[in-house]
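There are 2 protein chains.
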Amino acid sequence: MTNPGELSGERASSGESATEGDGAPSKPELSQPAVGRLSLYYRELQRLLESEIGSVNSKSLGKMVNVSPAVVRRDLSSLGTIGRRGVGYDVQTLIDRIGAVLGSGVQWKVVLIGVGSLGDALLRYRGFERLGFQVTAAFDSDPKRIGETIAGVPILDVAELDQVLQQHRPELAIVAVPAEHAVGIAAKLVQGSVSGILNFAPTTLKLPPQVAVVNVDLASELQRLAFRVQMPK
Amino acid sequence: MTNPGELSGERASSGESATEGDGAPSKPELSQPAVGRLSLYYRELQRLLESEIGSVNSKSLGKMVNVSPAVVRRDLSSLGTIGRRGVGYDVQTLIDRIGAVLGSGVQWKVVLIGVGSLGDALLRYRGFERLGFQVTAAFDSDPKRIGETIAGVPILDVAELDQVLQQHRPELAIVAVPAEHAVGIAAKLVQGSVSGILNFAPTTLKLPPQVAVVNVDLASELQRLAFRVQMPK
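Protein sequences, first through last, are from chains G and S.
With the numbering used here, letter number 15 in the first sequence gets 15, and the count goes up by one each step, no holes.
With the numbering used here, letter number 154 in the second sequence gets 387, and the count goes up by one each step, no holes.
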C-alpha cells in the first residue's frame, strides 16, 4: 500500500553502505512494492526456519503472502536466487540473500525518542530485534519516565540526546513525539548524523536528502481503509 | 511508501457506500499514492482551519506535504475543486470535498481487538476521532484488563465479540493481537460483517474479497527504512 508519507522527502541515502554478505549480486534495483514483498517473504521464511522446514517452493511461499508463484520467482530471481524444480528454494539461503538486500544481515543501532504510550508499545514490540534492529536507548522529557527501563532499554533525558548521538552514532531513529516537537527532534537527529528516521509523529518532516525517512501515520492508515471500504467495485 | 501488506488480500469492498456529501463528483478513481496525498492535504488543511486560515494556494499546500504545486493542482482538480488565481482554494471547501472522498464525512464505528501495549497506545491515540472514527469498544482476553476503560473506551471480554458485532455492527476493526490469534479473530470479524480491518498483527490475513484490509507491519517499516539508508545513490 502506498503510505501518504511516501512523498515526504524520502530519499535514498549515500550513508554507510552495508556489507553485502554471501555472494549476492550487488544491490539490485528494487521497486518499493518489491521491497515490501521481500520483507514479507523474509518474515514467512523465518517462521519456516523456526519450524525446521528447510526448503520451500514458489507456490507455497506465494500462498503465504498472497501473491502468485510467478511474482515470487521474479522477485527471487532478481536476487540471483534460483529454485530447483521439484525441490524449491533453500530456506536458509533465501533468508541470507533477502537479509543482505534488506539490510538485516547487519546490526542496526536504533534510538527511540518519545516514550508516550506509542513509544512505550514500540519499545515492548519484539519484532525489531529479530530483524537486526537493536534499540540502544530511548529519550523522553518527562522526569517521571527518565531513569526507567522498558524491555531492557533505558529511558534517558532528551537533553542528553545530542551527546548520546555523538558518542554512540546510532544509524536509525524512531520518532514518536507529539507533532509539535517532531521537527526540532528531527533537526537534532540530522545533526547527530542519523541516516534514517521512522516517523510516527503526524507531521511532515523536511529533511536533507542524505537522510531517509519512512512515515507511519496511523490515522491515515485508517482513512485509507475507510476509502477502500466505501469505494464502489 | 509501499507497505508490504499491500499484497495481502487488499480489496475494494462493495459494502455500505458512504454519503457523497456536498456535490462532489461521484467517487473518482484514485491511485493509492493519490489517496495518500489527499490524506496528507486533509491533515494540513485541518491545521490551517484551526489557525483560522481560510484559503491556501497550491504552492503553499505543496510545500506542507513536499509535493510540487502541479501535483497538488492535479489531485485537487480530480475532486472537481478548482482554485482561483491569486486567491487559491477555500480551506473549508477542500476539507469537505476531500473528507467526502476519503470517507471522513461519515462517522465510522470501529472496534479494537487486543489491548496489549500497542492496542493500549492505539486507544489513547487522538488522531482517529478527529477524522470521524469512533472506537466504540475494545476487546481482550486478559481478565485483569477486562472491565477497564481507556480513553473512554470500555475493554470487554473477547468472548463477547460475536455478540457485540451483531448488536452494534461496527464497520471497521483494528486488530492488535499476537500473530497466532489474528486469523481466528479475523474470521469472527468477517462473520460479524465488518467491512474493513486495520491489521497490526505480523501475519498475513486471508479474507474474502468483500472485506478490505490495510496491514501495518512495524518491523517491516523499519526494514524498509534500513533498505533505503544503505541503498547506493
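Where is the CB? At the ideal position from N, CA and C, for every residue including glycine.
These numbers were taken from a predicted model, which means no experiment stands behind them.
Straight-line gap, residue i to residue j (C-alpha atoms, nearest Å)
i: Asp395/S; j: Lys421/S; result: 7 Å
i: Ser193/G; j: Ala159/G; result: 17 Å
i: Asn299/S; j: Pro411/S; result: 36 Å
i: Arg169/G; j: Leu458/S; result: 17 Å
i: Leu438/S; j: Gly321/S; result: 44 Å
i: Ile197/G; j: Tyr125/G; result: 17 Å
i: Val135/G; j: His181/G; result: 21 Å
i: Leu76/G; j: Ile82/G; result: 7 Å
i: Val304/S; j: Lys292/S; result: 10 Å
i: Leu122/G; j: Arg270/S; result: 26 Å
i: Ile154/G; j: Gln463/S; result: Contrary to the premise, residue 154/G reads as Pro rather than Ile in this sequence. Rounded to whole angstroms, Pro154/G to Gln463/S spans 27 Å at the Cα level.
i: Glu285/S; j: Leu278/S; result: 10 Å
i: Thr203/G; j: Thr382/S; result: 29 Å
i: Gly127/G; j: Arg276/S; result: 29 Å
i: Arg228/G; j: Pro33/G; result: 19 Å
i: Ile146/G; j: Gln325/S; result: 42 Å
i: Ala434/S; j: Val183/G; result: 30 Å
i: Met64/G; j: Gln340/S; result: 34 Å
i: Ala152/G; j: Leu451/S; result: The amino acid at residue 152/G is misidentified as Ala; the sequence shows Gly. Each residue's Cα considered, the two are about 19 Å apart.
i: Leu131/G; j: Gln456/S; result: 8 Å
i: Val190/G; j: Val111/G; result: 13 Å
i: Arg317/S; j: Arg306/S; result: 11 Å
i: Glu129/G; j: Tyr41/G; result: 17 Å
i: Arg11/G; j: Val449/S; result: Any reading at Arg11/G must be qualified, since the residue scores a pLDDT of 33, below 50, and its modelled position is unreliable; no value is offered.
i: Asp120/G; j: Gly352/S; result: 11 Å
Strand pairing of residue i, partner residues [DSSP]
i: Asn432/S; result: Val408/S, Asn448/S
i: Lys342/S; result: Gln367/S
i: Ser55/G; result: Asp90/G
i: Val153/G; result: Ile150/G
i: Arg317/S; result: Gly321/S
i: Asp373/S; result: Asp390/S
Cβ of residue i within 8 Å of any chain S Cβ
i: Val229/G; result: yes
i: Ser39/G; result: yes
i: Val264/G; result: With chain G covering 1 to 233 only, the question about residue 264/G has no answer from this structure.
i: Pro25/G; result: Note that Pro25/G scores 42 on pLDDT, short of 50, meaning its location in the model is unreliable; the coordinates nonetheless yield the value given after this. Answer no: the Cβ-Cβ gap between Pro25/G and chain S never drops below 8 Å.
i: Thr204/G; result: yes
i: Val214/G; result: yes
i: Ser77/G; result: no
Chain-order list of residues whose beta-carbon lies under 7 Å from that of residue i (same chain, five-residue window excluded)
i: Arg185/G; result: According to the sequence displayed, residue 185/G carries Ile and not Arg. Taken in chain order, the residues that qualify are Ile113, Val175, Val177.
i: Ser272/S; result: Leu335
i: Pro302/S; result: Ser291, Lys292, Gly295
i: Pro376/S; result: none
i: Leu48/G; result: Val56, Val91
Interface flag, residue i vs chain G, CB-CB below 8 Å
i: Arg330/S; result: no
i: Gly425/S; result: no
i: Ala452/S; result: yes
i: Gly254/S; result: With a pLDDT of 35 at Gly254/S, under the threshold of 50, the predicted position of this residue should be treated as unreliable, and no value is reported.
i: Phe372/S; result: no
i: Leu470/S; result: Since the displayed chain S opens at 234 and closes at 466, residue 470/S lies outside it and no answer follows.
i: Gly336/S; result: yes
i: Val324/S; result: no
i: Glu482/S; result: Outside the shown range of chain S (234 to 466) lies residue 482/S, about which nothing can therefore be said.
i: Gly417/S; result: no
i: Ala420/S; result: no
i: Val268/S; result: yes
Spatial neighbours of residue i in its chain, beta-carbon cut-off 6 Å, leaving aside the 5 residues before and after
i: Asp323/S; result: Ser288
i: Leu389/S; result: Ala370, Phe372
i: Leu398/S; result: Gly425
i: Asn57/G; result: Gly88
i: Ser374/S; result: Val391
i: Val214/G; result: Leu198
i: Ile95/G; result: Leu45
Nonlocal neighbours in the same chain, by C-beta distance under 8 Å from residue i, ignoring five residues either side
i: Ser109/G; result: The question names Ser, but residue 109/G is Lys in the sequence shown. Excluding sequence neighbours, Lys109/G sits near Gln134, Thr136, His168, Arg169, Pro170, Glu171, Leu172.
i: Pro208/G; result: Val190
Say whether the segment 324-337 of chain S touches the segment 345-357 of chain S, bearing in mind that this needs 3 or more beta-carbon pairs closer than 8 Å, one atom from each stretch. At 8 Å Cβ cutoff, the stretches do not touch.
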